[in-house]
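Engineer: Please read through the structure below; I'll follow up with questions.
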Amino acid sequence: MALRTLSAKAAAALDSELMSTGAFSIDQLMELAGLSVSQVVHHVHPPSKGDRILVACGPGNNGGDGLVAARHLRHYGFDPKVYYPKRSKNDLYQRLAKQLEDLEVEFVDDFTSAIKSADHVVDAVFGFSFSGEVREPFPAVIKALEETHLPVTSVDAPSSWNIEDGPPKSGLGANFNPAYLVSLTAPKPLVRHFKGRHFIGGRFVSPGIAKKYDFEVPSYQGVDQFVEVGVGGARKL
């Protein structure tokens with residue numbers, strides 16, 4: 181069966197509906213999204229493979245998902261470090277950062293230095309709403325992600341990729357293709373260009389909303405908040 185993908189416009193509308201008729205708060209959705217990301221990281225890279233996880237967080241919701249994931253990873257026995265250079269003044273994000281500080285999770289200022297002592301990287305910089313140019317201080321992050329030989333797990337979209345068209349044709353980000361991608365709620369059109377292992381996370385969509393947006397909720401197993409799926413044959417909504 182072909183994977184149904186959500187455009188940026190459809191994904192934004194779905195998020196809005198989840199927080200209106202779906203009765204979810206953004207806190208709940210971010211918690212469930214970050215939890216699913218943390219479970220994927222534990223699944224593909226358990227602490228026995230190396231417990232040093234570097235989580236790169238952007239200023240928006242994608243970064244919030246990364247902060248939540250870092251907290252769960254700390255509880256799983258990892259030693260996460262967080263790069264979060266553009267902290268939001270929003271109360272939710274400040275609380276997420278405070279929770280990490282209380283767990284003695286280190287916030288680092290230099291991503292290119294921190295990646296040298298990491299075992300795995302979580303890319304939670306830009307999500308499905310990204311467009312345009314990569315602005316400071318993130319060009320150095322994208323360059324490091326392109327050049328690293330470490331496994332990288334991207335949250336919803338590999339940072340610098342266009343949600344519809346995938347990686348840039350040239351320049352910064354053109355050679356970035358992470359090992360793992362966690363599509364939140366449903367895959368986005370960029371999965372057609374993705375070459376690694378693909379997971380769907382975010383076990384919170386009701387059958388009614390899935391039917392309205394014309395995609396199938398995957399068959400999650402047991403208590404898992406993620407499911408691995410293929411990337412071929414995607415069709416766009």
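Following my numbering, the numbering of the sequence shown begins with 181 at its first residue and continues without gaps.
Don't be surprised by glycine CBs; every beta carbon is placed ideally from N, CA and C.
Values in this document were obtained by computation on a predicted structure and should not be read as measured data.
Indicate whether the contact test is met: 3 or more Cβ pairs, each with one atom in the region 199–207 and one in the region 291–303, closer than 8 Å.
Structural biologist: no
Engineer: Per DSSP, which residues does E252 bridge with? Please list them.
Structural biologist: Looking at the sequence provided, one finds His at residue 252 rather than Glu. For H252, which the question treats as bridged, DSSP gives no partner whatsoever.
Engineer: Once you ignore the five residues that flank R254 on each side, which residues in its own chain have a CB closer than 6 Å to its CB?
Structural biologist: P260, L283, V285
Engineer: Tell me the DSSP secondary structure of N355 in three-state form.
Structural biologist: Correct three-state label for N355: coil.
Engineer: Count the other C-beta atoms from every protein chain shown that fall within 10 angstroms of the C-beta of H225, then say buried if there are 16 or more, exposed otherwise.
Structural biologist: buried
Engineer: Taking the alpha helix (DSSP H) that H223 belongs to, which residues open and close that run?
Structural biologist: Note, H223: alpha helix (DSSP H), 206–224.
Engineer: On the three-state DSSP scale, how would you describe Y263?
Structural biologist: strand
Engineer: Which residues in the same chain have their Cβ closer than 7 Å to the Cβ of H252, if we skip the five residues on either side of it in sequence?
Structural biologist: G214, L215, S218
Engineer: Are V332 and D303 closer than 8 Å when you measure CB to CB?
Structural biologist: yes
Engineer: With DSSP run on the structure shown, which of helix, strand or coil describes E197?
Structural biologist: Reduced to three states, the DSSP call for E197 is helix.
Engineer: Which class does G202 belong to by DSSP, given the choice of helix, strand or coil?
Structural biologist: coil
Engineer: Comparing alpha-carbon positions, which option in L234, Q405, V314, E326 lies nearest D290?
Structural biologist: Nearest of L234, Q405, V314, E326 to D290, Cα basis: L234.
Engineer: Report the residue from Y273, V362, S311 whose alpha carbon sits nearest the alpha carbon of S340.
Structural biologist: Sorting Y273, V362, S311 by C-alpha distance to the C-alpha of S340 places S311 at the top.
Engineer: Could you say if the region 263–274 and the region 355–375 meet the contact criterion of at least three C-beta pairs nearer than 8 Å?
Structural biologist: no
Engineer: Kindly indicate which three-state DSSP category P387 falls into: helix, strand or coil?
Structural biologist: helix
Engineer: Compute the Euclidean distance between the alpha carbons of A390 and S196, then round it to the nearest angstrom.
Structural biologist: 14 Å
Engineer: Within 10 angstroms of the Cβ of V387, are there 16 or more other Cβ atoms? Answer buried if so, exposed if not.
Structural biologist: Checking the displayed sequence, the identity of residue 387 turns out to be Pro instead of Val. The residue is exposed, with fewer than 16 neighbouring Cβ atoms inside 10 Å.
Engineer: Does DSSP put S297 in a helix, in a strand, or in coil?
Structural biologist: helix
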